[in-house]
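Asker: Okay, here's the structure, questions in a sec.
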Amino acid sequence: MDALMRNQSHKKKGCFNRRLFALMVLLVSLCMLFLPVEFHADRPPAVSGYQLYRVVGSSMEPTFASGAILIVQSVDPVAIKPNAIITYQCTRSAVKVTTHRVKSVENPPGGGVQFVTRGDGNPVIDPNPVCGCELIGVVRWVVAAPKAPPILSHLNNMAGLALVMAGMYFIRILHQNHRNRLENHVMH
Numbered sequence: 001m002d003a004l005m006r007n008q009s010h011k012k013k014g015c016f017n018r019r020l021f022a023l024m025v026l027l028v029s030l031c032m033l034f035l036p037v038e039f040h041a042d043r044p045p046a047v048s049g050y051q052l053y054r055v056v057g058s059s060m061e062p063t064f065a066s067g068a069i070l071i072v073q074s075v076d077p078v079a080i081k082p083n084a085i086i087t088y089q090c091t092r093s094a095v096k097v098t099t100h101r102v103k104s105v106e107n108p109p110g111g112g113v114q115f116v117t118r119g120d121g122n123p124v125i126d127p128n129p130v131c132g133c134e135l136i137g138v139v140r141w142v143v144a145a146p147k148a149p150p151i152l153s154h155l156n157n158m159a160g161l162a163l164v165m166a167g168m169y170f171i172r173i174l175h176q177n178h179r180n181r182l183e184n185h186v187m188h
């Protein structure tokens with residue numbers, strides 16, 4: 001009798017797991033269909049204005065270490081304020097993409113905007129200001145290196161990025177629903 005009950009329990013768990021997996025596949029597929037996607041030859045794809053980058057240097061330690069995953073949101077350069085952490089293309093360096101903190105924002109005589117930057121782990125300001133046209137975006141989230149699953153470092157293709165973004169969106173919806181239930185419970 002005990003073995004029969006365990007067998008039925010395993011069948012129920014298996015059925016639930018298959019349904020949950022099917023739901024996740026459906027959710028990711030829908031997100032891939034409806035989320036705006038941008039492709040760039042020199043950067044990872046952007047989903048809803050977000051891109052993933054992996055930190056490979058130590059210039060921003062102790063804020064984040066090598067191996068951390070940065071989630072960067074595309075923004076208008078005029079929206080950047082001092083102390084923001086930005087990711088930008090390096091046109092005057094062997095390093096193609098850099099992430100540093102904005103120390104000041106300048107408006108050069110020719111127009112536009114440029115940023116004076118410095119890595120948190122560097123003793124001096126970067127030698128060249130960053131032009132607004134070089135801005136990729138502002139860092140919104142950081143997944144610390146020990147917590148970042150190794151698979152994330154390989155997610156610079158459309159499918160991987162869409163999967164991560166869909167997961168984040170799903171977690172956000174669950175969190176919002178939980179918050180709404182708590183608020184409704186307090187009101188009643």
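In UniProt numbering, the protein residues as written are 1 to 188.
Every residue, glycine too, gets a C-beta built ideally from N, C-alpha and C.
For G132, is the classification buried or exposed, using 16 other Cβ atoms within 10 angstroms of its Cβ as the cut-off for buried?
Answerer: Buried: at least 16 other Cβ atoms inside 10 Å.
Asker: Determine, using beta carbons only, whether N107 and V116 come nearer to each other than 8 angstroms.
Answerer: Not closer than 8 angstroms, so no.
Asker: Can you tell me the Cα-Cα spacing of S59 and G110, whole angstroms?
Answerer: Taking the straight line joining both Cα atoms gives about 30 angstroms.
Asker: Can you tell me whether DSSP reads F64 as helix, strand or coil?
Answerer: Reduced to three states, the DSSP call for F64 is coil.
Asker: Just to confirm the assignment, what range does the beta strand (DSSP E) spanning I136 have?
Answerer: Note, I136: beta strand (DSSP E), 135-143.
Asker: Distance, Cα to Cα, H178 vs M168?
Answerer: Roughly 15 angstroms between the two C-alpha positions.
Asker: Just to confirm the assignment, what range does the beta strand (DSSP E) spanning V72 have?
Answerer: Per DSSP, V72 belongs to the beta strand (DSSP E) from 69-73.
Asker: On the three-state DSSP scale, how would you describe V25?
Answerer: Three-state DSSP puts V25 in a helix.
Asker: What residues match up with F115 in a beta bridge as DSSP calls it?
Answerer: The partner list for F115 (beta bridge, DSSP) reads V105, V130.
Asker: Is I80 closer than 8 angstroms to V105 when the C-beta atoms are compared?
Answerer: Yes, the pair counts as a contact, with Cβ atoms nearer than the cut-off.
Asker: Between R140 and I69, which are expected to be in contact by the criterion C-beta below 8 angstroms, what is the C-beta distance as a whole number of angstroms?
Answerer: That belief does not hold up - the Cβ atoms of R140 and I69 are roughly 12 angstroms apart, past 8 angstroms.
Asker: Sort out for me which residues DSSP pairs R54 with in a bridge.
Answerer: Answer is I69, bridged to R54.
Asker: Whole angstroms is fine: what's the gap from K127's alpha carbon to V55's?
Answerer: Here the sequence assigns Pro to residue 127, which means Lys is not the residue at that position. Spanning the two alpha carbons is a distance of roughly 21 angstroms.
Asker: Within 10 angstroms of its Cβ, does R92 collect 16 or more other Cβ (buried), or is it exposed?
Answerer: So R92 ends up on the exposed side.
Asker: Where DSSP assigns a beta bridge to T99, which residues make up the other side?
Answerer: T87, per the DSSP bridge assignment.
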